[in-house]
Amino acid sequence: MFTLLKRILKASWLNFRRNIGLSLATIFILLITISLITYLFLFRQISQFLIAELEAKVDISVYFREDSPEEEILKAEDELSKMSEVKEVEYISQEMAREKFIQKHKDNLLLMASLEEIGENPFLASLNIKAQKPEQYETLANFLENSDFKNYIEQPIDYYQRKPIINKLSSITSVINKAGIGISIILILLSFLVAFNTIRLAIFNQREEIFIMRLVGASNWFIRGPFLFQGVIAGFFATLITILIFFLTCWGLGPKLEIFLPNFNLQDFFFQNLWILFSIQLLTGMILGIFSSLIAMRRYLKV
Amino acid sequence: MIRFQNITKIYPTHPSGGYPTLALDDISFEIKEKEFVSIAGRSGAGKTTLLKLILAEEEPTKGRVFFRDEDIHKIKKSHLPNLRRKIGVVFQDYKLLPSKTVYENVAYVLEVIGASDLEISQRVPEVLEIVDLADKINNFPAQLSQGERQRATIARAFIHRPDVILADEPTGNLDPYNSAEIVRLLLKINELGTTIILATHNKEIINSLEKRVITLEASRVIRDEEKGRFIL
């Protein structure tokens with residue numbers, strides 16, 4: 001068994017070296033396929049990041065009447081925070097609201113003067129709620145309208161003013177997701193077909209050799225072995241080159257991308273996902289190489 | 001050892017048209033161990049088809065072919081390599097593996113039967129010495145002359161000491177000097193105990209051998225003589 005494996009490995013490497021033109025062509029095609037999958041992975045990560053960033057900016061605020069006791073508001077906060085749809089609840093008291101306003105508009109003398117003029121604190125206490133997903137705000141709004149503390153809530157809840165924006169955001173993210181998946185599937189299928197056909201042509205070129213091997217008594221696996229390992233070798237080299245190209249992309253593009261996506265560090269992304277990426281690439285390259293060879297060889301082994 | 005029993009072979013119509021071709025018509029004969037048998041006949045008489053049937057490369061339309069009492073065409077596809085390892089083949093167009101050196105081409109057959117590395121490293125140079133290719137051991141087939149290629153094919157055919165060697169027009173592409181050399185090698189292998197089946201339309205070779213000749217004409221056996229001559 002060991003001798004057989006050794007012979008198959010040796011033959012694979014020799015064939016790979018001696019048919020270097022064909023091997024390079026196979027590596028190149030696999031490289032394109034693996035790169036495409038890698039960049040689709042990157043694109044998906046960036047789009048997910050963007051969606052998350054956008055979603056993080058959406059929230060609704062529930063204002064409580066001036067006469068609402070603070071314990072009722074805290075009770076409401078507690079109840080909301082237990083809901084699975086709720087990602088985050090923040091209580092902003094009247095005083096905190098006033099502070100925030102002052103911080104934000106301290107340079108606007110007119111507003112500051114008006115606030116001084118009013119004398120008392122005109123701000124209402126509120127709960128700032130962030131849902132897990134934009135489409136859950138409707139559920140939250142319904143819950144608040146039918147809750148025990150509905151009488152303390154200043155109507156209408158600001159969700160209804162923000163609803164069109166939230167809905168639009170929800171549909172945009174959904175379209176980006178669906179389109180991303182759809183385009184990815186089509187591109188991956190196309191690249192798989194191109195890679196499969198290249199390997200098929202490479203094996204078609206060697207069909208006479210396969211035929212001779214069969215006639216001198218080689219078993220199917222003794223013939224297949226070297227071709228499959230050549231697929232593995234090509235997949236391995238294609239992966240190494242792709243990882244290198246991808247590293248250079250992240251390294252070169254990272255600082256520029258950070259201008260558009262301030263919290264997204266491409267270099268960190270590369271190193272954090274290095275093993276996942278390497279595994280995906282290696283598996284793609286090898287599986288493509290092996291399966292294409294297996295399928296392409298079938299008809300020539302029937303002699 | 002090899003028995004043809006009422007073999008008829010008709011090649012079916014090509015998918016793009018034409019008529020079915022009758023290659024062999026009700027052929028029966030037997031070849032014994034250690035025999036040297038020439039199959040004579042014009043081009044298209046059915047010589048190559050006959051050899052292909054022994055190698056299970058083709059299936060008969062009617063009849064049966066036996067190799068040591070085993071019906072060749074009842075052998076499962078997965079077991080065919082076992083049959084083929086008992087047969088060495090010399091092709092007119094050599095069929096050497098182009099991406100392997102002479103040494104590797106010959107060693108390949110030993111690798112296939114699972115010979116040890118030591119055995120391979122000892123036997124391959126020996127056999128290449130016999131066929132006078134010791135100095136071309138690391139050459140690729142494309143770097144050899146026609147005669148050298150055919151000698152490499154013969155080395156590959158008998159390196160594993162098969163029970164029988166099928167030689168299909170082995171001198172078809174060679175000059176008289178190289179042809180004589182190939183025949184000399186086949187005779188030598190036969191003397192060592194291997195059955196040889198030589199398909200050829202070369203009159204001089206057949207007449208010089210003074211061995212058994214089966215003559216095919218229009219897909220039928222018209223003559224089978226112990227010390228035959230090329231008569232058509």
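Protein chains in written order, with our numbering: chain C, 1 to 303; chain E, 1 to 232. Ideal Cβ positions, reconstructed from N, Cα and C, are used throughout, including at glycine. For clarity, every value in this text was computed on a predicted model and none was experimentally measured.
Across the set Asn178/E, Lys203/E and Asp69/E, the C-alpha of Asn178/E shows the shortest separation from the C-alpha of Val131/E.
Where Ile120/E is concerned, the enclosing alpha helix (DSSP H) starts and stops at Asp117 to Ile130. Neighbours of Val109/E in chain C, taken as residues at a C-beta separation under 8 Å, are given in chain order as Val216 and Gly217. For Ile27/C, no CB of chain E lies under 8 Å from its own CB, so it is not counted at the interface with that chain. A Cβ of chain C is located within less than 8 Å of the beta carbon of Ser99/E. Think of a sphere of 8 Å around the beta carbon of Leu51/E: no beta carbon from chain C falls inside it, the nearest being about 11 Å out. From the listed residues Tyr94/E, Lys227/E and Ala40/E, the smallest Cα separation to Ser145/E is found for Tyr94/E. The three-state secondary structure of Arg220/E, taken from DSSP, is strand.
Taking the Cβ atoms as the reference, Val89/E lies roughly 5 Å from Leu166/E, within the contact range of under 8 Å. In the three-state reduction of the DSSP assignment, Ile54/E falls in the helix class. The three-state secondary structure of Arg212/E, taken from DSSP, is strand. Inclusion of Glu57/E and Leu215/C in the CB contact set at 8 Å is warranted, their separation being smaller than that value. Fully contained in the region 203–261 of chain C are the following alpha helix (DSSP H) runs of length 4 or more, in chain order: 207–215 and 220–260. Between the beta-carbon of Phe278/C and that of Thr239/C there is about 7 Å, and that keeps the pair under the 8 Å contact cut.
Taking a Cβ-Cβ threshold of 7 Å, the residues of chain C close to Lys95/E are Ile212, in chain order. With contacts defined as CB atoms closer than 8 Å, Ser23/C and Ala234/C qualify as a contacting pair. The beta carbons of Leu140/C and Ala131/C sit closer together than 8 Å.
Contact between the region 214–223 of chain E and the region 23–31 of chain E is established, with three or more Cβ pairs separated by less than 8 Å. Taking Asn138/E as the centre and dropping the five residues before and after it, the same chain places the C-beta of Thr101 closer than 6 Å to its C-beta, in chain order. Under a criterion of Cβ atoms nearer than 8 Å, the residues of chain E adjacent to Arg18/C are, in order, Ser99.
Rounded to the nearest angstrom, the gap between the Cα atoms of Arg156/E and Lys188/E is 15 Å. The alpha-carbon separation between Arg18/C and Ser12/C amounts to approximately 10 Å. In the structure shown, Tyr63/C adopts extended strand secondary structure according to DSSP, grouped into three states. Between Ser99/E and Leu83/E, the alpha-carbon positions lie close to 26 Å from each other. At a cut-off of 8 Å between beta carbons, Glu209/C contacts chain E.
Every beta strand (DSSP E) of 3 residues or more that sits fully in the region 125–200 of chain E is shown, in chain order, as 164–168 and 195–200. The CB of Glu57/E comes closer than 8 Å to the CB of Leu215 and Val303 in chain C, given here in chain order. Residue pairing by DSSP places Phe67/E opposite Ile2/E and Glu70/E in a beta bridge. Under a criterion of Cβ atoms nearer than 7 Å, the residues of chain E adjacent to Arg7/C are, in order, Glu111.
Per DSSP, reduced to three states, the secondary structure at Ala113/C is helical.
Going by C-alpha positions, Ile153/C is about 60 Å away from Leu31/C. Under the 8 Å Cβ criterion, the region 10–18 of chain E does not count as touching the region 73–84 of chain C, having fewer than three qualifying pairs. Measuring C-alpha to C-alpha distances from Glu191/E to each of Tyr103/E, Phe36/E and Ile205/E identifies Phe36/E as the nearest. C-alpha of Ile181/C to C-alpha of Phe43/C: approximately 11 Å in a straight line. A Cβ of chain E is located within less than 8 Å of the beta carbon of Phe222/C. DSSP, read as helix, strand or coil, puts Leu127/C in strand.
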